[in-house]
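K.L.:
Going by the numbering used here, the letters in the sequence shown line up with residues 24 to 377, in that order.
Where a beta carbon is used, it is the ideal one built from N, C-alpha and C, also for glycine.
In this text, all values refer to a predicted model and were calculated from it rather than measured experimentally.
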Amino acid sequence: MTNHPTHSNPLAVSTEFSLRQHNTFGIAAIASHFAEIRSVADLQSVRLNPQLMSMPRLILGGGSNLVLSDRIDALVLHMCVQGKQIVGSDADSVYVQVAAGENWHQLVLWTLAQGLGGLENMALIPGTVGAAPVQNIGAYGLELKDVFHSLDAFDWESGELLTLDKAACQFAYRDSIFKQAFKGRMTILQVTLALPRLWQPRLGYADVQRFLDQAGITAPTAQDVCNAVIAIRQSKLPDPAQIGNAGSFFKNPIVSAAQRTQLLTQFPELVSYALEDGRYKLAAGWLIEKAGWKGRQLGRAGVYEKQALVLVNRGQATGADIRALAAAIEHDVSALFQVSLEAEPVFTDSVQAM
């Protein structure tokens with residue numbers, strides 16, 4: 024992993040490949056071309072192939088942040104690069120290097136088994152490590168950027184491997200340079216995390232603190248916090264293996280203090296969180312529930328009855344079904360609150376040639 028293997032067998036490209044097992048919504052999409060990427064050499068072989076480079080390209084990790092169209096006329100590259108190791112430490116941090124194809128939740132459990140805290144608040148987030156920086160994943164008061172050191176990425180323009188530090192990644196709320204200027208240009212190969220030597224629990228979310236209080240835990244360990252997060256998530260979120268979904272579907276919208284004050288006059292029970300810059304983050308799940316969508320269904324897609332932030336596949340739903348449901352929810356929330364919701368997942372009907 025660390026040395027980026029450059030030798031591999033010839034890249035096998037499949038045609039008319041089903042992606043049903045490669046997306047957590049369980050959408051029965053067909054990719055015109057599909058290949059598994061297990062090394063830098065695999066990426067380089069694509070770049071040196073004019074026919075493959077002429078196609079639109081979609082990088083696929085765990086498929087947990089995608090709404091697939093029925094047919095994807097593109098080269099879908101499934102990142103399967105594996106490996107994880109502790110690569111060093113200093114006075115403040117222990118550095119862990121992880122390949123893009125590793126499962127995120129299994130990484131969290133592995134770091135805890137090594138006696139390293141720092142990732143526990145992001146337990147049970149679906150997807151792979153390579154996708155984590157793109158979205159700047161986060162949960163329960165922690166974001167990837169808080170434990171991020173650097174990453175190595177393949178530059179499709181130059182064919183070179185580049186190392187980007189935290190500043191270069193331009194992390195923001197569920198955003199990064201990989202969704203902006205570097206969209207389609209960079210493919211992440213491995214991520215280096217900086218986990219704290221002096222660990223302190225992050226207990227800013229009431230649900231986590233409540234769980235620990237009920238369990239009688241007054242001095243929680245990282246494993247205790249992890250257990251709490253897993254239990255909370257399992258109580259609210261459906262298992263994609265049982266019900267197709269992509270986890271939290273909408274970003275929590277951010278509004279000005281003035282807009283929040285105005286909303287509070289009409290909705291005193293509004294759920295919001297203060298940000299350092301004076302603005303407020305609103306709970307998208309609360310807005311959706313208040314708009315009457317919790318537990319409702321539109322065609323073959325619906326809103327999960329236990330958590331309004333989660334859209335689910337009720338059986339044979341297509342990407343168009345999911346999009347139609349999302350649009351209806353966005354419309355009703357905007358009409359009621361004058362607040363715009365933004366979807367977290369990527370809709371692949373907008374895949375462009377890279």
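(1) According to DSSP, simplified to helix, strand and coil, what is residue 164?
(2) State the CB to CB distance for the pair residue 76 and residue 70, rounded to an integer number of angstroms; the pair is presumed to be in contact (CB under 8 Å).
(3) What would DSSP say about residue 259, mapped onto helix, strand or coil?
(4) Who are the near neighbours of residue 131 in its chain, counting only those whose CB is closer than 6 Å to its CB and skipping five residues on each side?
(5) Does the segment 156-169 come close enough to the segment 181-198 to have 3 or more Cβ pairs within less than 8 Å?
(6) Would you say residue 126 reaches chain D, if we count a Cβ-Cβ gap shorter than 8 Å as a contact?
(7) Using the Cβ count rule (16 or more neighbours within 10 Å means buried), how would you classify residue 29?
(8) Quick one: which unbroken alpha helix (DSSP H) runs of 4-plus residues sit fully inside the segment 310-351? Chain order, please.
(9) Check whether the Cβ atoms of residue 59 and residue 101 lie closer than 8 Å to each other.
(10) What do you get for residue 125, buried or exposed, if any count of 16 or more other CB atoms within 10 angstroms of its CB means buried?
(11) Let me know if residue 350 comes out buried or exposed under the rule of 16 or more other beta-carbons within 10 Å of its beta-carbon.
(12) Got a sec, what are the start and stop residues for the beta strand (DSSP E) residue 172 sits in?
(13) Comparing C-alpha positions only, which one of 372, 287, 368 and 344 sits nearest to residue 361?
(14) Between which two residues does the alpha helix (DSSP H) holding residue 134 run?
(15) Of the choices 116, 65 and 112, whose alpha-carbon is the least far from that of residue 104?
(16) In the DSSP assignment, the alpha helix (DSSP H) including residue 189 goes from what residue to what residue?
(17) For the beta strand (DSSP E) that contains residue 57, what are its first and last residues?
(18) Is it buried or exposed, residue 35, if we count other Cβ atoms within 10 angstroms and call 16 or more buried?
(19) Within 10 angstroms of its Cβ, does residue 186 collect 16 or more other Cβ (buried), or is it exposed?
(20) Give me the residue from 108, 92 and 253 with the minimum Cα distance to residue 41.
(21) Whole angstroms are fine: how far does the CA of residue 175 sit from the CA of residue 212?
(22) Our contact map puts residue 86 next to residue 46 with C-beta atoms below 8 Å; I'd like the distance itself, whole angstroms only.
(23) Compare the C-alpha of residue 368 against each of 114, 150 and 294 and name the closest.
(24) Excluding sequence positions up to five away, which residues of its chain have a Cβ less than 7 Å from the Cβ of residue 387?
(25) On a CA-only basis, which of 282, 184 and 48 is nearest residue 208? Give me that one, please.
P.N.:
Let me spell this out:
(1) Looking up residue 164 in the sequence shown gives position 141. Looking at residue 164 - three-state DSSP - the assignment turns out to be coil, as it is neither helix nor strand.
(2) For this step, residue 76 is matched to residue 53 along the sequence shown. For this step, residue 70 is matched to residue 47 along the sequence shown. The Cβ separation is near 6 Å, so the contact holds.
(3) Start at 1 with the first residue of the sequence shown, and residue 259 comes out as number 236. Residue 259 sits in a helix when the DSSP states are folded into three classes.
(4) To locate residue 131, count along the sequence shown from 1; it is residue 108. Cβ neighbours of residue 131 within its own chain (closer than 6 Å, five residues either side excluded): 142 and 146.
(5) The count of Cβ pairs closer than 8 Å, one atom from the segment 156-169 and one from the segment 181-198, reaches three, so the stretches are in contact.
(6) No chain D is part of this structure, which consists of one protein chain only.
(7) Working through the sequence shown from its first residue, we reach residue 29 at position 6. Because residue 29 carries a pLDDT of 48, less than 50, the predicted location of this residue cannot be relied on, and the following value inherits that uncertainty. An exposed status is given to residue 29, since fewer than 16 other beta-carbon atoms sit within 10 Å of its beta-carbon.
(8) No alpha helix (DSSP H) of 4 residues or more sits fully in the segment 310-351.
(9) For the purposes of this step, residue 59 is taken as the residue at position 36 of the sequence shown. For the purposes of this step, residue 101 is taken as the residue at position 78 of the sequence shown. Closer than 8 Å, so yes.
(10) Looking up residue 125 in the sequence shown gives position 102. Buried.
(11) Along the sequence shown, read from residue 1 onward, the residue named residue 350 stands at position 327. The residue in question, residue 350, is exposed, as its Cβ has fewer than 16 Cβ neighbours within 10 Å.
(12) Taking the first residue of the sequence shown as position 1, residue 172 is located at position 149. Residues 171-178.
(13) Sequence index remark: in the sequence shown, residue 361 carries index 338 (1-based). Its Cα nearest to that of residue 361, the residue 287 stands out among 372, 287, 368 and 344.
(14) In the sequence shown, the residue the question calls residue 134 occupies position 111. Membership of residue 134 in the alpha helix (DSSP H) is indicated by the continuous run 127-136.
(15) Indexing the sequence shown from 1 puts residue 104 at position 81. The candidate whose alpha carbon is nearest that of residue 104 is 65.
(16) One-based indexing of the sequence shown puts residue 189 at position 166. Start and end: 189-192.
(17) On the sequence shown, position 34 is the one that residue 57 refers to. Here the beta strand (DSSP E) through residue 57 covers 53-60.
(18) On the sequence shown, position 12 is the one that residue 35 refers to. Counting Cβ neighbours within 10 Å, residue 35 comes out exposed, since fewer than 16 surround it.
(19) In the sequence shown, residue 186 corresponds to position 163, counting from 1. That one is exposed.
(20) Reading the sequence shown from its first residue, position 18 is the one you call residue 41. Ranked by Cα distance from residue 41, the options 108, 92 and 253 are led by 92.
(21) Here the question's residue 212 lines up with position 189 in the sequence shown. Here the question's residue 175 lines up with position 152 in the sequence shown. C-alpha separation (whole angstroms): 6 Å.
(22) The residue labelled residue 86 in the question sits at position 63 within the sequence shown. The residue labelled residue 46 in the question sits at position 23 within the sequence shown. That belief holds up - the Cβ atoms of residue 86 and residue 46 are roughly 4 Å apart, short of 8 Å.
(23) Residue mapping note: residue 368 aligns to position 345 of the sequence shown, counting from 1. The residue among 114, 150 and 294 with its C-alpha nearest the C-alpha of residue 368 is 150.
(24) No statement about residue 387 is possible, as the shown extent of the chain runs from 24 to 377 and does not include it.
(25) To locate residue 208, count along the sequence shown from 1; it is residue 185. Among 282, 184 and 48, the Cα nearest to that of residue 208 is on 184.
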